[in-house]
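In mature numbering (1 follows the signal peptide of the UniProt record, and there is no 0), the protein residues as written are -23 to -1, 1 to 158.
We put the CB at the ideal spot given by N, CA and C, even for glycine.
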């Protein structure tokens, strides 16, 4: 009986945390009730011709994984011909300038971090992002302390012009690498 109650409690706790935080399982992540799926990072090779020697060189690069679906909907990343990525413009500022200004105006003691891997929904609102703190030794504590406040500012930022696929608003993945010093 205790085992049943304990496992029921663990399941309930997992479900609660899944709705309010990030619960990851291999190539899927549950965040605020949405399931995000992504491709694995991989090594890619490209043949490049050296302009000086005419020699063919194999260029090896690491390609980061990308979010490809949210729930059962495709998430586009601008690689398709029929896509137009989302655009953020507010009072003449792009997303990086806006986020740096708004976050620093609310929290002047915030540690340095980077915002990356954003998903913008078809209504122009951020529905997913990752924070990477520069201080890796305290990243977990910093995330617990700062992520809810930063998330509130990002989610409530002015609306983006939504990305489009075949001229219809669509979910879009961006990797903006916005650094907040």
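Can you tell me whether residue i is helix, strand or coil according to DSSP?
i           : result
residue 104 : strand
residue 11  : strand
residue 29  : coil
residue 144 : coil
residue 138 : strand
Contact check, residue i vs residue j under 8 angstroms by CB: the rounded distance?
i           : j           : result
residue 72  : residue 93  : Wrong, their Cβ atoms sit about 12 angstroms apart, outside the cutoff.
residue 65  : residue 137 : 5 angstroms
residue 105 : residue 8   : 6 angstroms
residue 22  : residue 37  : 5 angstroms
residue 45  : residue 142 : Going by Cβ atoms, the distance from residue 45 to residue 142 rounds to 13 angstroms, so no, they are not a contact pair.
residue 139 : residue 75  : No, residue 139 and residue 75 are not in contact; Cβ-Cβ is about 17 angstroms, not under 8 angstroms.
residue 121 : residue 112 : That pair is no contact at about 13 angstroms.
residue 135 : residue 67  : 5 angstroms
residue 12  : residue 41  : So it is not a contact: roughly 20 angstroms between Cβ atoms.
Could you give the first and the last residue of the continuous beta strand (DSSP E) run that contains residue i?
i           : result
residue 50  : 50 to 53
residue 120 : From DSSP, residue 120 is part of no beta strand (DSSP E) but of the alpha helix (DSSP H) over 116 to 132.
residue 150 : 148 to 151
residue 56  : Per DSSP, residue 56 belongs to no beta strand (DSSP E) and is neither H nor E.
residue 46  : 44 to 47
Apply the 10 Å Cβ neighbour rule to residue i and answer buried if 16 or more other Cβ atoms are within range, or exposed otherwise.
i           : result
residue 125 : exposed
residue 52  : buried
residue 131 : buried
residue 158 : exposed
residue 147 : buried
residue 10  : exposed
residue 151 : buried
residue 155 : buried
residue 28  : exposed
residue 20  : exposed
Compute every distance between the C-beta of residue i and the non-hydrogen atoms of the ligand ATP, then say whether any falls below 6 angstroms.
i          : result
residue 53 : Judged by which ligands are present, the structure shown has none, so any question about the ligand ATP falls away.
Original post:
Considering only residues of the stretch 62 to 100, which uninterrupted beta strand (DSSP E) runs meet the minimum length of 3 residues and lie entirely inside it, listed in chain order?
Top reply: 90 to 97
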